[in-house]
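According to the numbering used here, the sequence shown holds residues -12 to 425 in order.
Don't be surprised by glycine CBs; every beta carbon is placed ideally from N, CA and C.
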Amino acid sequence: MIKVCKFGGTSMADGITLLRVKNILEIDPARRYVVVSAPGRRFSGDSKVTDLLYSTYKEVKEGGHVGESFTKIAERFRSIVHEANVAIDIEALLYETACAIEREESEDFTASRGEFLMGRIMAAFLGIPFIDARDVVKLDAQGRVDARTYALLKDRLHGIGRAVIAGFYGEGPEGRVKTFSRGGSDVSGAIVARATGADLYENWTDVSGFLACDPRIVASPSGIKKLSYRELRELSYMGANVLHSEAIFPVREAGIPIRIKNTFRPEDEGTCILPDKGFVPGDRPVTGIAGKKNFTVIYLEKSLMNAEIGFAYRVLEVLKRHNISFEHMPTGIDTISFVIDSEQLPDLEVVEREIVEAVHPDKINVIPAIALIAVVGHGMSRNVGISARLFSAIARTGVNVRMIDQGSSELNIIVGVENVHYERTVRAVYDEFFGEGK
Ligand code: ADP
Ligand code: ASP
Ligand code: MG
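Shown next, in the form of structure tokens:
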């Protein structure tokens, strides 16, 4: 039996939590491969080491040397090593790291040093080998995992009973360190699980599993006992960032289940994420709710649009020219909307003009500052009246729905509301499906 355990930033935050992690690993000998994040926040208002590393990169770019942010990072690691009593020459390691950051002049390299240092410390603490992700995780220019990765990892781990692997980064095509997007140690954990043919990928964090809704919006939401891969993908992509939205892919190929566990309450069951095939949904029609702010909706209306061959194609050509990907494309008979992450539209006016030139719509409306809320669950397709309940609940709070998109899978319904109404709407939807007595 092999379990791969990924520990997030809060599980690495100080020396005391390192002792907790050691206990968790010792209790179960199947927990053989450990993937670590950089130290996260210890309390609200504290800094994450990765954020300090991004500031370090800016300081090096401006002044040529590591500065104030690196001093804070060094303090953080010194205190972890001291508190957990780790036998490692932390001063030498910090000095080498600072020199390497100044030499490499790379944002990704700098950002990756949190996981690198934490991996070195954790390996020394547990007395097991450290594996630098640079040597085994190979990424293409777009940051996708290169197929060589699995063979390399397998080879490197062959005959090693236990190891610590740094999360969040690998090596890009030019032999330079490349990171995943934020929260990417979850992806590293999934890669190691797949490479080792693990029976289980345990993801240890600071909540007792996937919750039905973001706990920063609703206080103590219900826990989710089990999720299918597809439900996980929908929820994490739509903003439930307890797990990175791309962590699913490596494990899905191999059918490895994921369990989300709480480092601070290891006795709690957590959430089990299972393959779609054979998945038996729970009793609730809705499994979970997630959402994100800051989208722009471009709404187009034109009589007989339905009969105009290539209408959507010409709009998409404009988006392609500007390197813009869209999230959703709800359509009516003579209307079509494109929902786009606002960050991708710095040249909104130019894009709007080019769309008008390309398709001559009767009407074009640009609606900025839209939040999307996804209501997800396999149970929705079997239950009549779920949308009626959803929309009545939103209407009762007095919020105007600006966009609706029901995924073709019937696994989700997505509604768009103004950013300012986001939290209120999430609470109303949560109360409707999970509130007292539901
Ligand atoms: P880690 O550092 O362990 O990777 P993250 O901060 O990335 O942890 O993810 C855990 C956090 O995700 C929780 O503390 C919680 O605030 C947030 N979160 C957002 N949506 C959800 C959800 N649906 N269920 C659980 N946690 C959620
Ligand atoms: N340390 C990285 C971040 O803060 C990666 C991770 O924690 O998963 O985004
Ligand atoms: Mg995370």
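Asked, Found
"Residue interval of the beta strand (DSSP E) (run including Cys259)", "Thr258 to Leu261"
"Asp173: CB within 7 Å of a non-hydrogen atom of the ligand MG", "yes"
"Residues sharing a beta bridge with His231, DSSP", "Per DSSP, none; premise fails for His231."
"Whole-angstrom distance between Pro355 and Val305, CA atom to CA atom", "19 Å"
"Per-residue DSSP class, three states only, for Gly278", "strand"
"Residue environment, Ser396, which counts as buried when at least 16 other CB atoms sit within 10 Å", "exposed"
"In chain order, each beta strand (DSSP E) run of at least 3 residues that lies wholly inside the stretch 296 to 363", "322 to 328 and 350 to 363"
"heavy atom of the ligand FAD below 7 Å from Ala361 C-beta", "Ligands displayed in this structure: the ligand ADP, the ligand ASP and the ligand MG; the ligand FAD is not among them."
"Gly(-5) CB to nearest heavy atom of the ligand MG below 7 Å", "yes"
"Proximity of Val238 and Gly154 at Cβ, strictly below 8 Å", "no"
"Element boundaries [beta strand (DSSP E), containing Gly403]", "Asn399 to Glu405"
"Separation of Ile323 from Asn281, as counted between CA atoms", "20 Å"
"Outcome for Ser172 when other beta-carbon atoms lying within 10 angstroms are tallied against a minimum of 16", "buried"
"Gly170 CB to nearest heavy atom of the ligand MG below 7 Å", "yes"
"Beta-carbon proximity of Thr97 to Ile108, cut-off 8 Å", "no"
"Whole-Å CB distance - Gly51 paired with Gly27, under 8 Å assumed", "With 8 Å as the limit, Gly51 and Gly27 do not qualify as a contact, their Cβ atoms being about 29 Å apart."
"Closest residue to Lys350 among Thr166, Leu39, Arg169 and Leu291 (Cα-Cα distance)", "Leu291"
"Near the ligand ADP: Pro202 beta-carbon under 7 Å from a heavy atom", "yes"
"Integer-rounded CB distance, given that Arg149 should sit under 8 Å from Ser195", "Incorrect: roughly 26 Å between the Cβ atoms, too far for contact."
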